[in-house]
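According to my numbering, the sequence shown holds residues 786 to 1009 in order.
Virtual Cβ for every residue (Gly too), placed ideally from N, Cα, C.
One structure is given below, encoded as structure tokens.
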Amino acid sequence: MSLFLDAAWLGDGAQIGTCDKGRSFPEVWRGLIAVGPIFPAPKHKDARLPISADPAPAAARAVIVMGVSGCGKSTLGALLAQALDCPFLEGDSYHSAAAVEKMRGGQALTDADRWPWLDRLGAAIADRVAAQGVAVAACSALKRTYRDRLRTAIGVPVHFILLDNDRDALLARVGNRPGHYMPASLLDSQLATLEPPLPEEGAMILTTDMPPDVLRDRVLDWLG
């Protein structure tokens, strides 16, 4: 490549000047710098590129704390919602009156009882996510089919967190909830129904032998 130039040109085709064949390339380059920029400035201020941009909004998502009765779903869910500054939905509040009376009487719910409940809860979560971008809920979500039903109803990525513990610890917790319609006698039925999330579900599994605030921090780290 030749290190000598005959002329230098501006972007609009205007010639700066003819350079002597005897001048070296660095001398020519210094001459161009002295004259000014080679490329013309934008003719309109709208042509300028922005120097900054607003960050992209966070992706919409839902977080569901799941597990059998007495595992601490509501406690952890409320803490997560507070930390994420988003709504918290208590799944028990979406049961029908008939389902509540059935459980109060010591009868386990069937799938036929649960489908409408899951649909109502899923729709409510979807509404909160649409309004605020994220929502947290507490729901037993014992079976894979129940979790899939919720995913379909919600329509955005759903992060499930299973709270696990041994039967004796769970019985002690259930017995320490005066006035709750869910009797301790139904715990064994729930444990028999529980299908822990498989690896492909991408869920988090925690043992509830740690303080709630420690569990909250672990979930927040996992959520990113």
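Give the DSSP-derived three-state secondary structure of D994 in the structure shown. In the structure shown, D994 adopts coil according to DSSP, grouped into three states.
For the ligand COA, I want to know if T993 counts as a neighbour, meaning its beta carbon is within less than 8 Å of at least one of the ligand's heavy atoms. Absence of the ligand COA from the depicted structure is noted, as is the absence of any ligand whatsoever, leaving it without description.
Tell me whether L844 sits in a helix, a strand or coil according to DSSP, three-state version. According to the sequence shown, residue 844 is Ala rather than Leu. Three-state result, A844: coil.
Measure the CB-CB distance between V941 and V914 and report whether it falls below 9 Å. Going by C-beta atoms, V941 is nearer than 9 Å to V914.
Residues sharing a beta bridge with H880, DSSP: When DSSP reads this structure, H880 sits in no beta bridge, so it has no partner.
Kindly provide the ranges of any alpha helix (DSSP H) runs that are 4 or more residues long and lie completely inside the segment 890-964, ordered along the chain. Segments of the alpha helix (DSSP H) lying fully in the segment 890-964: 896-917, 929-939 and 952-959.
Based on the DSSP secondary-structure assignment, which residues constitute the bridge partners of L874? Partner(s): A922.
How big is the Cα-Cα spacing for L1008 and P872? Between L1008 and P872, the C-alpha separation is close to 17 Å.
Is the beta carbon of L874 closer than 9 Å to that of L927? A distance of 9 Å or more separates the beta carbons of L927 and L874.
Could you give the C-beta distance for V921 and L865, rounded to a whole number, given that I count them as a contact under 8 Å? The Cβ separation is near 5 Å, so the contact holds.
Spatial neighbours of G821 within its chain, please: C-beta separation below 7 Å, excluding the five flanking residues on both sides. Bear in mind that a pLDDT of 48 at G821, under 50, signals an unreliable position, so the model cannot answer this.
Taking just the CA atoms, how far does A844 sit from R952? Near 37 Å, if we compare the C-alpha coordinates of A844 and R952.
Look at the alpha carbon of R932 and the alpha carbon of E985, and state the distance between them as a whole number of angstroms. If I take the Cα positions, the gap works out to 13 Å.
Helix, strand or coil for V853, going by three-state DSSP, please let me know. In the structure shown, V853 sits in coil (DSSP, three-state: anything other than H, G, I, E or B).
Any idea which residues DSSP pairs M989 with across the strands? I946, per the DSSP bridge assignment.
Of the choices R929, R934 and M851, whose alpha-carbon is the least far from that of P901? Closest option to P901, Cα to Cα, is R934.
Contact defined as beta carbons within less than 8 Å: I believe P997 pairs with G855. What is the distance between those atoms, to the nearest angstrom? That belief does not hold up - the Cβ atoms of P997 and G855 are roughly 14 Å apart, past 8 Å.
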